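Here the structure comes first, spelled out in structure tokens, and everything after it is commentary.
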Amino acid sequence: MGKEYVPLLVLLCLWGGRLSGAGNADSLYSHRQFITIASEPDYPPYCIVDENGMADGFSIDLFKAAAGAVGLDVRIKIGLWDIIRQDLAAGRIDALPLVGRTPEREALYDFTLPYLSLHGAVFARKGRTDIRSVSDLRDKEVVVMKGDNAEEFLLRENITDHMITTHTFEEAFRKLAAGEHDAVVTQRITGLRLLENMGIRSVEPLDIRLPAFRQDFCFAVQKGDTTLLNLLNEGLSVVIADGTFDEIRLKWFGPAIKEELDLRDMIRIALTFILPFLVVFSIAAVVFLRREVRRKTRRLNTEVSEHKKTLQSLRKQQLLLEESRGQLQLILNSTAEGIFGVDSNGKCIFCNEASLRILGYDNDTELIGKDMHRLIHHSREDKTPYPAENCPVARAFLHGEEVHVEEDVFWRSDNTPVPVDYWSYPIRKDKRVEGSVTTFFDITDRRKLVSELRGAEKELRALADNLEKKVNERTAELEGKVRELDKSQKAMLYMVEDLNELTRELRTEQEKLEYSNKELESFSYSVSHDLRAPLRAIDGFSKFLLEDYSERLDAEGQRLLKVIKENARKMDKLISDLLSLSRLSRTEVRLTRVDMRQLAASVFNEQTMADAGESFNLTLGDLPVVLADPALMKQVWENLISNAIKYSSKSRTKKIEIACVENDETFQFSIRDYGAGFEKKYKNKLFGVFQRLHKAADYPGTGIGLSIVQRIIARHGGEVWAEGDVNKGAVFGFSLPKKAEETQPGTHPI
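Everything in the sequence shown is counted per the numbering used here, starting at 0 for the first residue and increasing by one.
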């Protein structure tokens, strides 16, 4: 752009800015410290990336100078052209520094006054003689960058039937030099600079004129952003007027060659040679031009009509394409797994919202164009290097393999690892691998669940081993009793034989229990049926002996039979409690709304008969309705209330108080009695299996009830605790986490 246009352009920009809202710009942009623009990485010399990875080029320097002239700071992002132009249309950035003004783009953006005009050119491999005109491109494969002016030009003018698009012009020239296609269409200066930078000497511009591909380049803003548009017009006018424009042009293009003639020489030449010729020529031209004007006017009207139809068709195609892209992105964003795609260089070309969420990024511009291996797969979980050639994601596009890795690690944006299960599939086009698509899941919860299952399995095995030990002890005890009976009473020979048979059966059950450590599912059945049956037999035979042979037995024999019968009953109760405890780890917790006040009152009434109910005073506070398993929660109240009644039975004060305290996250339930209490220093042992702080003779029981309570509350996500003093009573409590569906405390009467 010559200096002769500077005054007029400056006046137009300044005048337009003042009339259409520059005054409003001060109020709208005075609070902004910067605007965000985007630049292409490979459109030399206008938009490039320097050796430090920063945006550079003639248009970048010009935009920064224009923005600085009106007090705006600029933040520059780098991205592929097809992506950044969509970002501007969607408002994710504020402006673009280098946009060719075309009819298709005027519907999407607003443009400043043009600061540059460029001409297009056709590039082909040297020595090619079959492309001499634009019409020769009809049956050729012509490569353009996706979304570029050249793509719109080929579509608008219907140049070729075989248009190929690439993400960058570098990729287009590389394919052309490799002999893959026939020609590349782009701006002449940009093409020459790219060939020079890439060191490609086998490609050259052809001597073919493309008059319809002349483009005026401007700054572009989002449609309707007149405030920013006026500011940029004003800044552009300032840098042109103060000579900054010429300095930037000199930096990137070198000095312009100008030939200046003296004014008097120009006048003499005009009067001597040109003026007489012009007079004669003008007379003839007037007649000819009138005829031509009428003819070309008719022709232009026809062409305008055809162009309008073509433009409408292209706009419909563009709308359908944009709609298809939007639907595809909507489908990708609706999936729970993360999905991203990479090109043949391993750089990201698309991603969905799930992948951004899992990897800790805010938007797709942080991934698009980046090397995904270096970004998320650069090292293993133990921080050892993960070479790119061994990367399963890379194998998909390097070797065309379908790869599935069940457990691996990706790295988030904050450099923390996330365990993943992922698949990588190659993207093929015309039997060539052009990239890959990777889908992945965050398996953090799965790892945690596996760890919990292993812990539960270990705990069940420990319970089984403990039960086996108890069975062995009881078996040894029964064998001793049998030997004593054999010595004291010959008449009990048949019973001894039966007991020996029972002992053999118990040993058989012991072998079954050892096998059940490997087959945990059969554990409950073996204990509940095969083990308890002999105990019932012992209890039954003891009862028969006492009823039918009591006259033949002395007092000591009758006492021993009662001891056997009582121990069999205790062992049956112990097995029942152990089964209840073991089943808790496998029982599915079914949450439903449970009225805790009504449930506690019901359990108390069941636990106390008429006389006991009258002797105990129950104080029941306002208990809430919670989300819990009703059967398991009933078992909690049965164990706690029965303990309170049992350990208060010998106390003068027979009073039980049940209450609940609510905080932000939990309900804190408590049951207080005024009975035997316990030593504070042993309170941590209360909830262990077989842990007792009182003699069984004073307060009978198996020592498993509180362990069952602790296990149920843990399955509900809560905690248990206890406080007490000897002969001063005790308080047992548990907490339940709040759920969104829980209601306010109930007000139902007992």
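Every residue, glycine too, gets a C-beta built ideally from N, C-alpha and C.
For clarity, every value in this text was computed on a predicted model and none was experimentally measured.
With 16 or more neighbouring CB atoms inside 10 Å of its own CB, F686 falls in the buried class.
C-alpha of E179 to C-alpha of V220: approximately 37 angstroms in a straight line. When Cβ pairs closer than 8 angstroms are counted between the two stretches, the stretch 192-207 is seen to touch the stretch 41-60, the count reaching three or more. If you check the CB distance, A120 and P204 come in under 7 angstroms. Listed as beta-bridge partners of M162 by DSSP are V141.
Taking a 10 Å sphere around the C-beta of A89, we find fewer than 16 other C-beta atoms and assign the residue as exposed. Taking all protein chains shown into account, H118 has fewer than 16 neighbouring C-beta atoms within 10 Å of its C-beta and is therefore exposed. The C-beta distance from A54 to F218 rounds to 15 angstroms, too long to meet the 8 angstroms contact threshold. Nearest neighbour of L590 by Cα position, chosen from L466, K737, N362 and E151, turns out to be K737. If you check the CB distance, L230 and T111 do not come in under 7 angstroms.
Contact between the stretch 717-724 and the stretch 672-680 is present, with at least three C-beta pairs closer than 8 angstroms. Listed as beta-bridge partners of E661 by DSSP are F666. In this structure, F409 places its C-beta atom within 7 angstroms of the C-beta atom of V417. Spanning the alpha carbons of K633 and I367 requires a straight line of approximately 57 angstroms. About 7 angstroms separates the CB atoms of T165 and K145; that is less than 8 angstroms, so the two are in contact. Taken through DSSP and simplified to helix, strand or coil, S343 comes out as coil. Residue environment for A475: exposed (fewer than 16 other C-beta atoms within 10 angstroms of its C-beta).
Distance from the Cα of E39 is smallest, within the candidate group D135, L97 and A395, for L97. Here the alpha carbons of F339 and N362 stand approximately 13 angstroms from one another.
A straight line joining the alpha-carbon of S134 with that of V202 spans about 20 angstroms. In the three-state reduction of the DSSP assignment, P43 falls in the coil class, being assigned neither a helical nor a strand state.
By the beta-carbon neighbour count (other beta carbons within 10 angstroms, threshold 16), S669 is buried. In the same chain as Q709, and ignoring 5 residues on each side of it, the C-beta atoms closer than 6 angstroms to its own belong to F686 and V719, in chain order. Within a 10 Å sphere around the beta-carbon of F252 sit fewer than 16 other beta-carbons, which makes this residue exposed. Residue environment for S354: buried (at least 16 other C-beta atoms within 10 angstroms of its C-beta).
The C-beta distance from L631 to V588 rounds to 7 angstroms, short enough to meet the 8 angstroms contact threshold. Residue T225 holds the alpha-carbon nearest to the alpha-carbon of Y108 among S412, T225 and D381.
The Cβ neighbour count for E472, taken over all protein chains shown within 10 Å, is under 16; the residue is labelled exposed.
Check the Cα spacing between S650 and each of N616, G620 and L639: the tightest is with N616. Here the stretch 332-346 makes contact with the stretch 425-442; the two share three or more CB pairs at distances below 8 angstroms. F349 sits in a strand when the DSSP states are folded into three classes. Per DSSP, the beta bridge partners of W422 are H403 and T438.
The DSSP-derived three-state label of D370 is strand. The shortest CA-to-CA distance from K76 to any of F439, I34, L227 and Q557 is the one to I34.
Per DSSP, E150 is one residue of the alpha helix (DSSP H) stretching across N148 to E156. According to the DSSP assignment, I247 belongs to the alpha helix (DSSP H) that extends over T243 to F252.
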